[in-house]
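To start, the structure itself, in structure tokens.
Numbering (the working numbering), first residue to last: 734 to 887.
Structure follows, in structure tokens:
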């Protein structure tokens, strides 16, 4: 059982308040997820702001179009600075994702993502990592970076 990490950073032209308002709104996750994943939020009546202890259910089709439930818990919120979501039910044995926001001044900020994850079905899951999982995660985060650039131009 291998522990994998994904670490990305993106500088965007937005104030900390603008970035926080967008990324801490769980309704916006679908906007930055590739359409081919068939991502949809299942939880009804979502608030516009996350909070620690919040549970959010999604339906996603990560492999061969097969629908799967993903349940995340927001385990930590430091208002305007960072938040952490952890998968409770879903495709990974472990998924821990920290979203951090750093003020760079001049109306720019850096968004940083650190995901730590473990695949199920070791050692088969570990064999699938370089062939399927890592390339898919790279595509997902590349799509996200592109969409964020379009949403926050400049």
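Cβ coordinates follow ideal geometry from the N, Cα and C atoms, glycine included.
Fair warning: this is a prediction, and the values are worked out from it, not measured in the lab.
Cβ-based burial, residue i [other Cβ within 10 Å; buried from 16]
i, result
"residue 759", "buried"
"residue 699", "Residue coverage of the chain in this structure runs from 734 to 887, which leaves residue 699 outside it and unanswerable."
"residue 875", "exposed"
"residue 871", "exposed"
"residue 834", "buried"
"residue 778", "exposed"
"residue 750", "exposed"
"residue 763", "exposed"
"residue 752", "buried"
"residue 854", "exposed"
Start-to-end residues for the alpha helix (DSSP H) that takes in residue i
i, result
"residue 876", "867 to 884"
"residue 864", "Per DSSP, residue 864 belongs to no alpha helix (DSSP H) and is neither H nor E."
beta-carbon residue i near the ligand ZN non-hydrogen atom, thresh 7 Å
i, result
"residue 756", "The ligand ZN is absent from the structure shown, which contains no ligand whatsoever."
For residue j and residue i, believed in contact at Cβ under 8 Å, the rounded distance
i, j, result
"residue 807", "residue 786", "7 Å"
"residue 792", "residue 805", "That pair is no contact at about 13 Å."
"residue 735", "residue 836", "With 8 Å as the limit, residue 735 and residue 836 do not qualify as a contact, their Cβ atoms being about 35 Å apart."
"residue 846", "residue 830", "7 Å"
"residue 851", "residue 827", "4 Å"
"residue 737", "residue 862", "6 Å"
"residue 680", "residue 770", "Since the displayed the chain opens at 734 and closes at 887, residue 680 lies outside it and no answer follows."
Below-8 Å beta-carbon distance, residue i vs any chain D residue
i, result
"residue 811", "Absent from the structure: chain D. Only one protein chain is present."
Whole beta strand (DSSP E) elements within the region 782 to 855, 3-residue minimum: 788 to 796, 799 to 811, 815 to 822, 827 to 838 and 841 to 851
Counting only runs of 4+ residues fully inside the region 738 to 763, write out the alpha helix (DSSP H) ranges in chain order. 749 to 756
Do the region 779 to 787 and the region 756 to 770 touch if we need at least three Cβ pairs shorter than 8 Å? yes
Taking 8 Å as the threshold, find out whether the region 740 to 749 comes into contact with the region 830 to 845 through three or more Cβ pairs. yes
Would you call the region 794 to 801 and the region 812 to 819 touching, i.e. three or more CB-CB distances under 8 Å? no
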